[in-house]
Each structure stands twice: as C-alpha cells, then as structure tokens.
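Line by line, the protein sequences are chains A and B.
To convert, note that position 287 of the first sequence is 287 in the working numbering; the numbers rise steadily by one, no gaps.
To convert, note that position 476 of the second sequence is 1476 in the working numbering; the numbers rise steadily by one, no gaps.
We put the CB at the ideal spot given by N, CA and C, even for glycine.
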Amino acid sequence: MRQYLKRRLLTLLPVIFGVVTAVFLIIHLIPGDPAALMLSETANPADIEALRTRLGLDRPLGVQYYHFWANLFRGNLGESIYQRQPVFDLVMERFPNTALLAVCAVLVSLVIAFPLGIFSALRQRSAVDYLSLGFSILGISMPVFWLGPLLILIFAVQLHWLPVTGMGSWKHLVLPSLTLGFGLSAITIRMIRSSMIEVMNQDYIRTAFAKGLGRGRVVWKHALKNVMIPVITIVGLQLGALFGGVIITEKVFSYPGLGSLLITAIRGRDYPLVQGAILVIALTYIGINLLVDLLYSRVDPKIRLG
Amino acid sequence: MKIILQRIFFTGLAALLSFLGGCGSPSEEHIKNQELRVALYDNPTNLDPRTQSDAVSFRVIELTYDFLVRMDSTGLPELDLAEKLENPSDAEYIFTLRRNARFHDGSPLTAYDVAYTFNSILDPALNAPLRSTLEIIKQISVLDSFTVKFDLKAPRAPFLSDLVVGIVSEKAAREGKIDLHKTPLGSGPFKFLRWDQNAFIELEANRDYWKGTPRLNKIVLKILPEATTRILALENGEVDLIVGNISESYLPNLEKNRRLKVLKGEGSNYVYLALNLENPYLKKREVRRAIAHALDVEGMIASLLSGVHRQAGSLLNEKNWACNSNIKPYPYDPALARKMLEEAGFPDPDGDGPLPRFSLGYKCTSNLISRQKAQVVQQYLKEVGIDVKVQSHEWATFFEDVRSGRFDLYSLTSVGIYEPAIYENFYHSRSIATQKNRVGYRNPEMDRLIDLARRTLDPGQRRQYYWRIQEIAREDLPYIDLWHETIIAAMDRRLTGFEIYPAGEWRSFYRMRFEELPGD
C-alpha cells in the first residue's frame, strides 16, 4: 500500500505541471486585458498601462510563468488582481461550500439511485423498473438551469417550505442538492441496475439461493458488495467533476461556491485567481480518484494495491 | 423486518410533515425592526471610494460615505458635505464644510480629510481610475479645519461633477489598520458592519448622521447574481427591494403581485449603436443616415423591452439641463433608407434578390438582450439590402475588440450620464488616441465647441454650446441614438421614501422606512 501511495503521489507532479501550464497559457492567450477591465470603460491607455506595470502584467509571459512557479514552491498562490487578497484565502473561503454541496448532491443521488436501481434490477420489466427508467430519462433530460428555478418556484415561492437562496442552515442546501442530485442519480440508477442484474446472474448467487438463503440476505449480504465497485467509480468521477462543474447551480441559487468564483475570475481575467482555483480543483479531483482507488481494495479484497 | 421498516417509514413521514407544517409564510420580524434587505446583482469588488470602478461597489459607497458634491436629477451639481462654495476666479474653488459631519469612528470630517482624499487620488501609486480626470487640479490647500481650496491649471466647467467621490478618513487611511477596500469607514448614513464575501453585506444606521438619523435600523445587501433568483427572492419575501437590472419580461408578474409595488423613473443610461468611421461604407454620412432610417427603434423597444424605455434623440436624457429638446430621432423609413443608399453609390445589385449592397460586422456580448438587439438590427438592415454578420463574445473579448477598433458596428450602454462634458469622450478627436472615441470621429467644429463648453462656466452659454453640439451630432451621426433606459425598482409595498434618481443612485435610502398601510 505504501509503495502504491508513493507511486501515485509521484504521478501527481506531471499532472500538476500539465494543468498549471495549460491554464496559464490559455488564460494569458485569450483576448482581454485585466487592467482595462478593472478600470472604468473610459480609462486612458496610459492609466491602463500603469496598472499593467503595477500588476506585473507587462513582463514577458515566460517571466510571469517563472514567478508563478517560484511562488507556488513557496506555497503562495499569489494575490487576486481585483480583490487584492491572497488567492489561497479566497479559494479556501469557497471550497468548503462547494465540498458541502457536492457531497450533499452525491448523497441525494445515492438515496434516490440505490433503492430504485436495486428494485428495478430485482423486478425487471415491472412497474418499478419502468418507473426507474422514466426517472433516469427525466434526470438526464432536465437541465439544472430549468429544474433549479422550478424547484424554487414550487418549494420556496408557492409553498414557502424552503428559502430561495443563501447559506447558513441545512434548509439552504436542500434545493441545490436536489437539483444536482436528481441529475446525478439518473446515471447511477442505470449503473446500479445493470451491475445488479449481472451479479444476480452469477453462479455464487444461484448457489446461495440453492442453499436456502432468503432473497433479502442474498441481495444485501452477497450481491451488494459486488455491485459497489462500478458504483464507487461513477460516484468518484461525479464527485470530482462537481468541484468544477456546479457553476450553473451556484448561479441559480446564488450559492457562494468555487464555480461562481472561477467564472467571475475568468470573466475579469483575474489570472492568479483562475490559476489558483483551477489548481485546487485539479488537486481535489486527483485526491478523490486516489480515495476511490483505495476504497476498491476495501470493498473487494481480491483487489490488491501495490 | 417488514413491520420495522414500516414503522421507520411512518415515523419519518410524521417528522417530515411536522417540519413542513412549521414552515409557512416568511417571517415579518425585519419589518418591525426596520431592517431592509436589498438584492445586489453582483458582488462588490472594492469599497474604497478612491479606487472603485464598478457600479455595485459604488452603491455600497453611497450608503457609507459622504460626498463634497452630488448631482441633482437634472445633472446640475449641488453641495452636500460642503455648505458653501466660492469661486474667486474661474480656476479656484473654495469649499466650506459642514462642521457636524463625523466619521463612523467618531472623528470629525475636516478639510484635511478632503484634501487627503483627492491628493491620494492624484498619487500615481494608488492607480485611481479618476486620476487622469483630476489632473486638472494644480494644488489643494487646507485654509483652515473646515475650508479647503482647489486651484486648477485651467478653468474646467464640469469640475464639480469630477468631485463626486466619497471622502475618506486621512487618519484611517494612513494608519492602515483597516483595509478600506473591504471595510468602508465613511461618514455616510449607514455604518459598515460586516461583509460575508459573496453572500451579503450588513450595514446599520449611523445614529449621529449629520442629516438626521436614518429611518431604517439596518440594511442587508444580499448578493444574488442570477436575475431570476432575485425576482423569486423578492416574491418569496427574502428581499424587500430590487433597483435596476430587472428584465422587462418580469414586469407583468411583479405588477400583479399585491404584496409588491413597482416604480419606474426616467434614467440617464444611454444605449447607442456605434458606427466605425474607418469602414469604407460607414465613413459616408449618407450611409449612416440611411442606417438610422432603416431602424425602427420604437419597434425594438416595444418588442425587446416591453415598451418600457424611451427612444433617445441625443446622448443626454430629456431631463438633463443641457438636453436640446428640439432634436428629434431619425424617423423609421426603410424606403428612404434604400433611396439614400442608392444615391450614396451603393445600389442593390439584384433588386429584390439575395445579394446585399455590402456587408458589415456587428460585435455584441453574449448577454441575451445584447444578442437579441443585434439580431433585430441585422433584420432591419437586411430589409434595406445591408448584410450584417453578428459575432457575439463574452465581455472581456468583446471589450478588447471594441477598444482596439476591431468592429464595424457595436452597441453599448453608457451609464450614469449627468454631465454633458461626456461629449468629449464620444466626439472629440483628442479622444481617439485615448480609445474613448472608438469610432474615429473627427470634426474641427465639434472639437472647438466641446473645448469651449468645457472652459465656459456660464451655464446659459454652455447650454448653447451643447445644443449646437447635439445638432452636429445628429447631422454627422457617428453614433445612432437608440434609447434611454427607464429605471425599474420593485419592492415590498410597505416600503416608503424610495426615490428613483436618473443614474440609479441610492440617495433616498436614509429617508426610507417600512410603514403599515391602511387595511393591513
């Protein structure tokens, strides 16, 4: 296990290098001058140039790139051009919000997906099976920017059961988590269903039934663990993707997460903030993937890491 | 097992129903406590009045700082912190300050703070956006604790409008113990309490405010970037007021909502279509006039904007003291447009066929209204034989192209227009090099009039110059006037005292309060 971890951490380095370099090049090469965007629309070119100099943007790209790495090795992600605060502080302010939303969304998707996936596998071509199929199609088809406002309209505006927006209590998480979780569950339901069908057709399951074990015991004790491997994979990928991909949900619910911070930074060409935020998202994604791989060996003893 | 599961299910259902039964209409405590919740459409970036450059930050600054001078609804300056102004000569301004203004830390606001504020703006190290505008100042002198003098390098008529800047505390700024970017320390009607980044800003009433204690006890500015979410939050009672940035399509529902009221006021924001005079077709005045005749601007306002805004005849809105009310917009007349294009030397090559007379590129942002506007203009110009290719970009890319002159047509909104000296930015040839006159317009007579209007302090004479400037602008037409935006505010109907100002300012907030209405 230790060897495995060491190897995985070593592979981290080229990934980080690739991500940082790609983001640096892209954000610097796309049109848009952060100094001009920061000052008013009628700012003079001389003032814009003075600001570019103060921000170090007049230096050659190679020099800026070198300074970014030099700061990174010192644990410094730089300062936001607009907000004049350390990028690390700004990102860490939002990171827990996005993490919380991502985890809640995944939990919601599992709460929906597991029962529906398992029952539709055990009762193929029944009403439950068709219901879960319909549910999946709905979940994939309904975009977040449509579902979110719809849920707000029903549960907040009409029924006053939940708040429209904001943070600070568990009630604020319900609608955004449902919005995201519904879409995620669509794929997970199908994964659980097909995985379950495959496992239930295995010889050892037939043997378990032949020995007289009850259906519930066969499913919960023997089949479910083997269904988990592909589910863990899917859930891991979804969780990682959520850290960079909940922008629309954050906008709809005015939820102060990493996605909305990143979008604002990109729009304003806040280079340090874009680079810092994407680096953190990339590291999170890598960390989640590592966790998923470690979980495999727990769930299935046949899998050995190292 | 089945029985256990059933019991768990029904217990959970009972708990859920109990919880939901406890939910109901939103709390009204804030009304009794005179706490106003306002929706902001973006997160402020910088609350230091000397260096801020975005409208949202300025709204917060308006509530927490005071200004030497403000602009009234017709665009004329009125004294605010200053109670007296003397002009020994055209280039000298002596302000006598009120003696009872205090910063929120209790220290008095003096002439030293005023001098420090403007001197720091002039310091290149601060990179203040206003520095180039205020470079006309030769010297700022403190004559006594409540008297400050500005000496200018030359007379400048719009100088008072340049002074609309929140006054900062010299002591607080020099000590550096608080970061004025994030923690305003002004003398305004509301004191800063806290800023939960990207969630809300909380202010409380300044009980020692020199104009009188505000009638609200607290203001919470909720940051809600999504337009639909702002409206839903208002309808749900989670915010009490939205000012501006309300899509016209929401109006019917808001006006039907008996809990709310909608106010509209004539704004000064100016929406225009810019025509690049470097383009071989657009450099001909007859072509530009033909394009003006080809656009049914009233139709655009009716179809895209629910008829809410007002067609513009000039850069200045109808209430502005310098607006030339004799100027009328170009009437919609596509037949005349076609005739003018023929006479300008651009015949339709195939009559009613698909071939255009010529093609133009139209750059717009990815914002919905911006794209819709571009498509409508494209359609109108197609009808007179001009092919328009629309390219939409996100803001930063669009702005880069527009600043660099890489466009044939574009449309933008110029916000907060009060002072007619803004004509210099749009029309003076000197502004081409500074990338403000982006269409490349040159007219020596226009330059002369603009320079005269800038130097002349007599309002009557200035008005005459600006009237002539507006006539020439209409004749030469490097910009086609589209509309002046009407400001829309939607609020809880119990909220009183709110007034709409042309640039959307929040000057009436300290007079506002919640009052129960008869029959409630």
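(message) According to DSSP, is Gly245 (chain A) part of a helix, a strand, or is it coil?
(response) One-based indexing of the first sequence puts residue 245 (chain A) at position 245. Reduced to three states, the DSSP call for Gly245 (chain A) is helix.
(request) Can you pull the chain A residues whose beta carbon is under 7 Å from the beta carbon of Lys1436 (chain B), in chain order? (result) Taking the first residue of the second sequence as position 1, residue 1436 (chain B) is located at position 436. Within chain A, the residues near Lys1436 (chain B) are Thr42.
(message) Give me the residue from A:Ala210, A:Pro14 and A:Pro115 with the minimum Cα distance to Trp220 (chain A).
(response) Here residue 220 (chain A) corresponds to residue number 220 of the first sequence, with the count starting at 1. Answer by Cα proximity: A:Pro115.
(request) Kindly give me the distance between the Cβ atoms of Ile1386 (chain B) and Pro1356 (chain B), rounded to whole angstroms, as I take these residues to be in contact under 8 Å. (result) Position 386 of the second sequence holds residue 1386 (chain B). Position 356 of the second sequence holds residue 1356 (chain B). Contact between Ile1386 (chain B) and Pro1356 (chain B) holds: CB atoms are separated by about 6 Å, below the 8 Å threshold.
(request) Out of B:Arg1099, B:Asp1451 and B:Leu1234, point me to the one whose CA is closest to Pro163 (chain A)'s CA. (result) On the first sequence, position 163 is the one that residue 163 (chain A) refers to. Ranking B:Arg1099, B:Asp1451 and B:Leu1234 by Cα distance to Pro163 (chain A) puts B:Leu1234 first.
(request) For Asn1127 (chain B), go through chain A and note every residue whose CB falls closer than 7 Å to its CB, in chain order. (result) By one-based count along the second sequence, residue 1127 (chain B) stands at place 127. For Asn1127 (chain B), the chain A residues whose C-beta falls within less than 7 Å of its own C-beta are Ala50, Leu51 and Arg54, listed in chain order.
(message) Determine whether the beta carbon atoms of Arg1442 (chain B) and Val1384 (chain B) lie at a separation below 8 Å.
(response) Translated into the one-based positions of the second sequence, residue 1442 (chain B) becomes position 442. Translated into the one-based positions of the second sequence, residue 1384 (chain B) becomes position 384. Their beta carbons are not under 8 Å apart, which means Arg1442 (chain B) does not touch Val1384 (chain B) by this criterion.
(request) Could you name the residues of the same chain whose beta carbon sits closer than 6 Å to that of Ser177 (chain A), not counting the 5 residues immediately before and after it, in chain order? (result) As a first step, residue 177 (chain A) is located in the first sequence; it is residue number 177 there, counting from the start. Within the same chain, and ignoring the five residues on either side of Ser177 (chain A) in sequence, the residues whose Cβ sits closer than 6 Å to its Cβ are Cys104, Ala105 and Val108.
(request) Check the DSSP bridge columns for Arg1102 (chain B) and list the partner residues they point to. (result) Walking along the second sequence from the start, residue 1102 (chain B) turns up at place 102. In DSSP, Arg1102 (chain B) forms a bridge with B:Pro1108.
(message) Threshold first: 4 residues or longer. Then list the alpha helix (DSSP H) segments lying entirely within the segment 1023–1104 of chain B, N to C.
(response) Complete alpha helix (DSSP H) runs here, min 4: 1029–1032 and 1055–1064.
(message) Assuming Val1388 (chain B) is part of the beta strand (DSSP E), what are its boundary residues?
(response) The residue given as residue 1388 (chain B) occupies position 388 in the second sequence. Segment Ile1386 to His1393, the beta strand (DSSP E) holding Val1388 (chain B).
(request) Find the residues of chain A that neighbour Asn1245 (chain B), judging by a C-beta separation of less than 7 Å, and give them in chain order. (result) As a first step, residue 1245 (chain B) is located in the second sequence; it is residue number 245 there, counting from the start. The premise fails here: Asn1245 (chain B) is roughly 14 Å from chain A at the closest Cβ pair, so nothing lies under 7 Å.
(request) Rounded to whole angstroms, what's the CA-CA distance from Phe17 (chain A) to Glu1499 (chain B)? Just pull it up for me. (result) Within the first sequence, numbered from 1, the residue matching residue 17 (chain A) stands at position 17. Within the second sequence, numbered from 1, the residue matching residue 1499 (chain B) stands at position 499. Straight-line measurement puts the Cα of Glu1499 (chain B) at about 55 Å from the Cα of Phe17 (chain A).
(request) Taking all protein chains shown into account, decide if Lys1363 (chain B) is buried (16 or more other Cβ within 10 angstroms of its Cβ) or exposed. (result) As a first step, residue 1363 (chain B) is located in the second sequence; it is residue number 363 there, counting from the start. The residue is buried, with at least 16 neighbouring Cβ atoms inside 10 Å.
(message) Let me check understanding here. Comparing Cα to Cα, which of A:Ile286, A:Ile278 and A:Ser297 lies closest to Leu10 (chain A)?
(response) As a position in the first sequence, residue 10 (chain A) is number 10, starting the count at 1. Nearest neighbour of Leu10 (chain A) by Cα position, chosen from A:Ile286, A:Ile278 and A:Ser297, turns out to be A:Ile286.
(request) Could you tell me which of A:Ser194, A:Arg269, A:Leu5 and A:Gly244 sits nearest to Leu279 (chain A), measuring between CA atoms? (result) Residue mapping note: residue 279 (chain A) aligns to position 279 of the first sequence, counting from 1. Ranking A:Ser194, A:Arg269, A:Leu5 and A:Gly244 by Cα distance to Leu279 (chain A) puts A:Gly244 first.
(message) My output table needs one value for Gly1299 (chain B): the three-state DSSP class, helix, strand or coil.
(response) For the purposes of this step, residue 1299 (chain B) is identified with residue 299 of the second sequence, where counting begins at 1. In the structure shown, Gly1299 (chain B) sits in a helix (DSSP, three-state: H, G or I).
(request) Enumerate in chain order the residues of its own chain whose CB-to-CB distance from Phe1146 (chain B) is below 7 Å, with the five nearest sequence positions on each side excluded. (result) Numbered from its first residue, the second sequence carries residue 1146 (chain B) at position 146. Counting only Cβ-Cβ distances below 7 Å, and skipping sequence neighbours, we find Thr1096, Leu1097, Arg1099, Thr1110 and Ala1111.
(message) If we require 4 or more residues per run, which alpha helix (DSSP H) segments fall completely within the segment 1333–1396 of chain B?
(response) Segments of the alpha helix (DSSP H) lying fully in the segment 1333–1396 of chain B: 1334–1343 and 1368–1383.
(request) Return the Cβ separation of Glu1035 (chain B) and Asn1217 (chain B) in integer angstroms, given the expectation that the two are a contact with Cβ distance under 8 Å. (result) Here residue 1035 (chain B) refers to the residue found at position 35 of the second sequence. Here residue 1217 (chain B) refers to the residue found at position 217 of the second sequence. Contact between Glu1035 (chain B) and Asn1217 (chain B) holds: their C-beta atoms lie close to 6 Å from each other, under 8 Å.
(request) Specify, as a first and last residue, the run of the beta strand (DSSP E) that Gln1139 (chain B) falls within. (result) For this step, residue 1139 (chain B) is matched to residue 139 along the second sequence. In the DSSP assignment, Gln1139 (chain B) falls within the beta strand (DSSP E) that extends over Ile1137 to Asp1144.
(request) Starting from Thr1413 (chain B), trace the beta strand (DSSP E) both ways and give me its first and last residue. (result) Indexing the second sequence from 1 puts residue 1413 (chain B) at position 413. Secondary structure note for Thr1413 (chain B): its beta strand (DSSP E) is the uninterrupted segment Leu1409 to Ser1414.
(message) Please classify Asp33 (chain A) as buried or exposed, where buried requires at least 16 neighbouring CB atoms within 10 angstroms.
(response) Sequence index remark: in the first sequence, residue 33 (chain A) carries index 33 (1-based). It counts as buried.
(request) Work out the CA separation of Phe1058 (chain B) and Ser1018 (chain B) for me, nearest whole Å. (result) The residue labelled residue 1018 (chain B) in the question sits at position 18 within the second sequence. The residue labelled residue 1058 (chain B) in the question sits at position 58 within the second sequence. Confidence is the limiting factor: at Ser1018 (chain B) the pLDDT is only 48, short of 50, which leaves the residue's position unreliable, though a coordinate-based value still follows. Ser1018 (chain B) and Phe1058 (chain B) have their C-alpha atoms roughly 45 Å apart.
(request) State the DSSP-derived secondary structure class of Ser141 (chain A), mapped to helix, strand or coil. (result) As a working note, residue 141 (chain A) is residue 141 in the first sequence. Collapsing the DSSP output to three states places Ser141 (chain A) in a helix.
(message) If the criterion is Cβ atoms closer than 8 Å, does the pair Arg957 (chain B) and Ile1242 (chain B) meet it?
(response) An answer regarding residue 957 (chain B) cannot be provided, because it is not within the stretch 1001 to 1520 covered by chain B.
(request) Let me know if Gly1024 (chain B) comes out buried or exposed under the rule of 16 or more other beta-carbons within 10 Å of its beta-carbon. (result) For this step, residue 1024 (chain B) is matched to residue 24 along the second sequence. Low local confidence applies: a pLDDT of 48 at Gly1024 (chain B) is under 50, so the model's placement there is unreliable, with the coordinate-based value given in what follows. Counting the other CB atoms within 10 Å of its CB gives Gly1024 (chain B) a total below 16, which places it among the exposed residues.
(request) Decide if Trp1483 (chain B) is buried, meaning its Cβ has at least 16 other Cβ atoms within 10 Å, or exposed. (result) As a first step, residue 1483 (chain B) must be located in the second sequence, where it is residue number 483. With 16 or more other Cβ atoms within 10 Å, it is buried.
(message) Could you tell me the alpha carbon to alpha carbon distance between Gln275 (chain A) and Val23 (chain A), rounded to whole angstroms?
(response) As a position in the first sequence, residue 275 (chain A) is number 275, starting the count at 1. As a position in the first sequence, residue 23 (chain A) is number 23, starting the count at 1. One Cα belongs to Gln275 (chain A), the other to Val23 (chain A), and the distance between them is close to 6 Å.
(request) Use the C-beta contact count for Ser141 (chain A): other C-beta atoms within 10 angstroms, 16 or more gives buried, fewer gives exposed. (result) Locating residue 141 (chain A) in the first sequence gives position 141, counting from the first residue. Classification of Ser141 (chain A): exposed, given that the 10 Å Cβ count is below 16.
(request) Name the two residues that bound the continuous alpha helix (DSSP H) containing Gly268 (chain A). (result) As a position in the first sequence, residue 268 (chain A) is number 268, starting the count at 1. From DSSP, Gly268 (chain A) is part of no alpha helix (DSSP H); its letter is neither H nor E.
(message) With a threshold of 8 Å, are at least 3 pairs of Cβ atoms found where one atom belongs to the segment 74–83 of chain A and the other to the segment 148–168 of chain A?
(response) Two segments are said to touch when three or more pairs of C-beta atoms, one from each, lie closer than 8 Å; by this definition the segment 74–83 of chain A does not touch the segment 148–168 of chain A.
(request) Measuring alpha carbon to alpha carbon, tell me which of B:Phe1200, B:Ser1508, B:Arg1463 and B:Glu1086 ends up nearest Leu1063 (chain B). (result) For the purposes of this step, residue 1063 (chain B) is identified with residue 63 of the second sequence, where counting begins at 1. The closest CA to that of Leu1063 (chain B), considering only B:Phe1200, B:Ser1508, B:Arg1463 and B:Glu1086, is found on B:Ser1508.
(request) Note down, in chain order, each residue of its chain lying with its Cβ closer than 6 Å to the Cβ of His222 (chain A), except the 5 sequence neighbours on either side. (result) Here residue 222 (chain A) refers to the residue found at position 222 when the first sequence is read from its first residue. Once the five neighbours on either side are set aside, the close Cβ partners of His222 (chain A) are Ala208.
(message) How far does the beta strand (DSSP E) with Met79 (chain A) in it extend, from its first residue to its last?
(response) On the first sequence, residue 79 (chain A) is found 79 positions in, with the first residue counted as 1. In the sequence on display, residue 79 (chain A) carries Glu and not Met. No beta strand (DSSP E) contains Glu79 (chain A), which DSSP labels as neither H nor E.
(request) Please decide whether Ser1132 (chain B) counts as near chain A, where near means a Cβ-Cβ distance under 8 Å. (result) Taking the first residue of the second sequence as 1, we reach residue 1132 (chain B) at position 132. It does: the Cβ of Ser1132 (chain B) has a partner Cβ on chain A nearer than 8 Å.
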